[in-house]
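First to last, the protein sequences are chains A and B. First residue of the first sequence: 46, per our numbering; consecutive thereafter. First residue of the second sequence: 14, per our numbering; consecutive thereafter. Even glycine gets a Cβ: it sits at the ideal position worked out from N, Cα and C. Computed from a predicted model, the values in this text were never measured in an experiment. Working notes, structure below.
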Amino acid sequence: MPYPDELVLPLSQHLGAPSVPIVKVGDRVVRGQRIADANGFVSVPLHASATGTVAAIEKRPHPSGTPGEAIVIRVDHTSPQTLYNEKPIDWDHLPVDQLLTAVQQGGFVGLGGAAFPTHVKFVVPEGKRVEWFLVNGAECEPYLTSDHRIMVQYAGEIFLGIRLAMRILGAKKCFIGVERNKWDAIVGLRESIPADLPCEVVPLQVKYPQGAEKMLISAILHRDVPSGRLPIDAQVVVSNVGSIAGMGEMISLGKPLIERIVTVTGPGVRNPATLMVPVGTLMSDVLDHCGGITDDTRQVLNGGPMMGKAQYDLDVPVLKGTSGIVCLTDADVLSRREYPCIRCSSCLDACPVFLNPSELGFLARTGQYDDMLRLHIMDCMECGSCSYVCPSNIPLVQRFRVAKALLREEQAREKEKEKEKAKAV
Amino acid sequence: MSDQRQQFILSTSPFLKRPVDTPSIMRHVIYSLVPALAGGVYFFGLSALLVVLSCIVACCLTEWIVTGRGSLRQSPVADGSAVVTGLLLGMTLPPGLPLWMAFFGGVVAMLLGKVIFGGLGQNVFNPSLVGRAFLQACFPVALTTWVFNSNISGFFQLRGDTFALPFLSPVVDAVSAATPLAKMKFEATPTDIRALLMGTTSGSIGETSTVLLLLGGAYLAYRRFLNWRIPVGIFVTAFVLAQALRFFGGDTYAGGTFHLLSGGLALGALFMATDPVTSPVTPRGCWIFAAGVGALVVVIRQFSGLPEGVMYAILIMNGATPLIDRWTQPRIYGAKQPKEAAS
């Protein structure tokens, strides 16, 4: 899509510490130029996604619901928008730690939605090793098609990114998981696998949540990630196909993460589309570009319909982690009467990690959070499948989120107490 | 910037919902029982229909009254579960039962079977069967007085004591006919398989035609509103156990086919044991539950003084359900350390 007049780049676009601005109001910035630095290890820098001048550094609405500091850039429409730093990266010869720094400096985060800094995931801790590298091309939610587009259009970049990732991780084999209903992507990728790359494309069952990290690992490798641990404990690292393609572009063009593919869809969008959008473009601008929204649109989501977030203001920016903008109309917006649980076990059949949402739902309603802990509530990945299938319209996952947040708080408090005790002794 | 200033609704994900809710499930259960009910009315005449209606009215009325007599749309009666309870209770009763007894059974089913535990989803035992067990204890003679199964010509002729007055009229004028199970147990006479399949035998209103019941069950299983593990488990266990008894114990034991097709086994296995509220939620639990019901049915039928045992078998296993659920909690993803890959 064309560049909008104004870009809003929140300093907090990823999990971890917000970035620290290194430009002042009035500064001229070039597309791809670093405008904020990483604040510590679990943090990434931020880059200007278009050439222009810094108009403000102020609090702006944020898709999370809480306004946050953002760098506002007034786009210079006369600029040719050439990249600030067109220096390819020598992925084959640089030492691994410099490659990791390059990934961090490129501002890369998981593009599937969680926006976890990629370089943190790529650090193999002492005593652990990585056997397999999985590329996640299973669309993370219904309605979204961004992964599909990337796989069809950016196969070359994907394989370049895979080389970089495998070199950093020391992985021996790579699998790209793609859902079976995307044969053009499967065939296209298979045809362009470089002969010297130990890589395989695996067609996957079409289902939700196939794109969840743990589901992907069991589907491709038939291995479980131990409860409460990370994929690396099962010798696997998973990356979204978009992040990988982005890193491929960084290698070949020196381009940091400044734009991403966004699916704009739902019954409320006049002309649904899957677009390459500069990070920081306001949702209202994206929607206007897609013909605007219908009058009966009642909900606009940042992300997909299963795990996305409803927005109250359309003047929020597209973030690095925005995989889609979904607009729902009157007919889709739900307010249904809640019935008592009839123990039909639909939720047990639906739960991808085999929890007992029925029992957990009862415990959540009555506030018995400690018992929920015993029933492994912390393993819940909040995919929303239980709420989707429940015939009694019980807001299961919604209650689980509250319970998990409270339990986490309590755990943090207890740790704090123990620390104080240790100090006192 | 967008010139549209619309009010957006804020809520948390997921924003999609399967278009199925409790009332719609209840509706489908009712649809699936229609063939067997129609069969019963065809075989036993108008009295059968009146007995069933009396149970349904009793269940709905009782629930409506005890839940505060509010507007019908707001009342729990609207979810349709009371209709299902009444319908199922009626189908387990003899066609010639006095209507006041059927009504009484419906009231007890609701009060002692459901409301006392806190309503829908909270009850331990299947409410219809609680009602039936109560009637069986109170009125053993009326509950085992079976009218002849006749053809359509006598449709409007009322059987038995349909309009007997409460506690006043003695139950005498019914012409009793033994059920296939009673014939087998007390006279060692088997019944023709075809009659058992089609339902032209004597018995409770909705239990005689195995074919029509299977039709309804298949519909529910197809719509995924019925946990297929339970009926399959019950049928297999009952069949295997009955065949084993016949093999080792000789011809005094009825074979597996007879057990499957006679009495209330099909009705119970397909529509009562599968009541989600009173059966286990875990897949493994369902198998254990089903095996228990199947085995108990055969044991009660063969070794107790009663010809039929489906009702008690299901009620006993209902009681065991919480324990079964506790034993069979599914292993969650990643609970055990995965095997180290050989490399």
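How about residue i and residue j: are their beta carbons less than 7 Å apart?
i: Leu112/B; j: Thr175/B; result: yes
i: Gly268/B; j: Arg259/B; result: yes
i: Ala230/A; j: Val180/A; result: no
i: Ile303/A; j: Gly77/A; result: yes
i: Ser437/A; j: Tyr357/A; result: no
i: Thr308/A; j: Thr190/A; result: yes
i: Phe302/B; j: Ile337/B; result: yes
i: Val493/A; j: Thr163/A; result: Outside the modelled stretch of chain A, which goes from 46 to 470, sits residue 493/A, for which no answer is possible.
i: Cys68/B; j: Val90/B; result: no
i: Arg225/A; j: Val251/A; result: yes
i: Leu227/B; j: Leu280/B; result: no
i: Asp375/A; j: Asp340/A; result: no
i: Ile118/A; j: Val89/A; result: no
i: Gly53/B; j: Ile218/B; result: yes
Helix or strand or just coil, what does DSSP make of residue i?
i: Ser356/B; result: Note that Ser356/B scores 32 on pLDDT, short of 50, meaning its location in the model is unreliable; the coordinates nonetheless yield the value given after this. Correct three-state label for Ser356/B: coil.
i: Lys69/A; result: coil
i: Glu304/A; result: strand
i: Phe28/B; result: coil
i: Lys127/B; result: coil
i: Arg207/B; result: helix
i: Asn285/A; result: strand
i: Leu23/B; result: coil
i: Gln523/A; result: Residue 523/A lies beyond the residue range present for chain A, which begins at 46 and ends at 470; the question has no answer from this structure.
i: Pro323/A; result: strand
i: Lys468/A; result: helix
i: Ile338/A; result: strand
i: Asp16/B; result: In this predicted model, Asp16/B has a pLDDT of only 47, less than 50, meaning its place in the structure is not dependable; the value taken from the coordinates is given anyway. It is coil, neither helix nor strand.
i: Ala240/A; result: coil
i: Pro271/A; result: coil
i: Pro108/B; result: coil
Residue i lies in the beta strand (DSSP E); which residues open and close that run?
i: Trp159/B; result: Neither: Trp159/B is in no beta strand (DSSP E) and is coded neither H nor E.
i: Val214/A; result: Per the sequence shown, the amino acid found at residue 214/A is Leu instead of Val. Premise fails: Leu214/A lies in the alpha helix (DSSP H), 200 to 214, not in any beta strand (DSSP E).
i: Glu258/A; result: Here Glu258/A belongs to no beta strand (DSSP E); instead the alpha helix (DSSP H) covers 258 to 266.
i: Val345/A; result: 342 to 347
i: Val247/A; result: 244 to 249
Output the boundary residues of the alpha helix (DSSP H) element that contains residue i.
i: Cys219/A; result: No alpha helix (DSSP H) holds Cys219/A; the beta strand (DSSP E) holding it covers 218 to 224.
i: Trp228/A; result: 228 to 236
i: Gly246/B; result: 242 to 262
i: Gln149/B; result: 140 to 151
i: Cys68/B; result: 59 to 79
i: Val331/A; result: 328 to 334
i: Ile98/B; result: The question names Ile, yet the displayed sequence has Thr at residue 98/B. Segment 94 to 104, the alpha helix (DSSP H) holding Thr98/B.
i: Gly230/B; result: 223 to 235
Closer than 9 Å by beta-carbon distance: list the chain B residues that pair up with residue i, in chain order.
i: Gln344/A; result: Phe21, Ile22, Leu23, Ser24, Phe28
i: Val442/A; result: Thr25, Ser26, Pro27
i: Gly353/A; result: Ser26, Pro27, Phe28
i: Val283/A; result: Those within 9 Å of Val283/A in chain B number zero; the least Cβ separation is about 14 Å.
Compute the minimum distance between the beta carbon of residue i and the heavy atoms of the ligand GDP, and state whether it is under 6 Å.
i: Ile303/A; result: Questions concerning the ligand GDP fall outside what the structure shown contains, since it holds no ligand whatsoever.
What residues of chain B sit near residue i, judged by a beta carbon separation below 7 Å?
i: Cys386/A; result: Gly134
i: His421/A; result: Ile345
i: Gly429/A; result: Ser26, Pro27
Starting from residue i, find everything on chain A with Cβ-Cβ shorter than 8 Å and list it in chain order.
i: Val290/B; result: Ile387, Arg388
i: Ile337/B; result: Simply none; closest approach about 12 Å.
Going along chain B in order, which residues have a C-beta closer than 8 Å to the C-beta of residue i?
i: Ser191/A; result: Near Ser191/A there are no residues of chain B at all, since even the closest Cβ is about 18 Å away, more than 8 Å.
i: Pro187/A; result: Leu29
Can you name the residues of chain A whose CB is closer than 9 Å to the CB of residue i?
i: Pro140/B; result: Chain A residues near Pro140/B: none, gap ~13 Å exceeds 9 Å.
i: Val294/B; result: Arg388, Cys389, Ser390, Cys392, Leu393, Asn401, Ser403, Glu404
i: Arg31/B; result: Ser391, Tyr433, Val434, Cys435, Pro436
i: Asn240/B; result: Cys389, Ser390
Name, please, each residue of chain A whose Cβ falls closer than 7 Å to the Cβ of residue i.
i: Thr35/B; result: Tyr384, Ile387, Pro436, Ser437
i: Val143/B; result: Chain A residues near Val143/B: none, gap ~17 Å exceeds 7 Å.
i: Asp92/B; result: Tyr384
i: Ile38/B; result: Pro436
i: Pro244/B; result: Within 7 Å Cβ-Cβ: nothing; Pro244/B doesn't reach chain A, min ~15 Å.
For the region 370 to 406 of chain A, which segments carrying the alpha helix (DSSP H) assignment without a break, of at least 4 residues, lie completely within its bounds, in sequence order? 391 to 395
Length-filtered (4 minimum) alpha helix (DSSP H) runs lying within the region 412 to 448 of chain A: 414 to 419, 430 to 434
Run through the region 139 to 198 of chain A for me and flag every whole beta strand (DSSP E) of 3 or more residues, listed as ranges in chain order. 177 to 182
In chain order, which alpha helix (DSSP H) runs of at least 4 residues are fully inside the region 273 to 339 of chain B? 296 to 316
Give the list of continuous alpha helix (DSSP H) stretches no shorter than 4 residues that lie fully inside the region 53 to 129 of chain A. none
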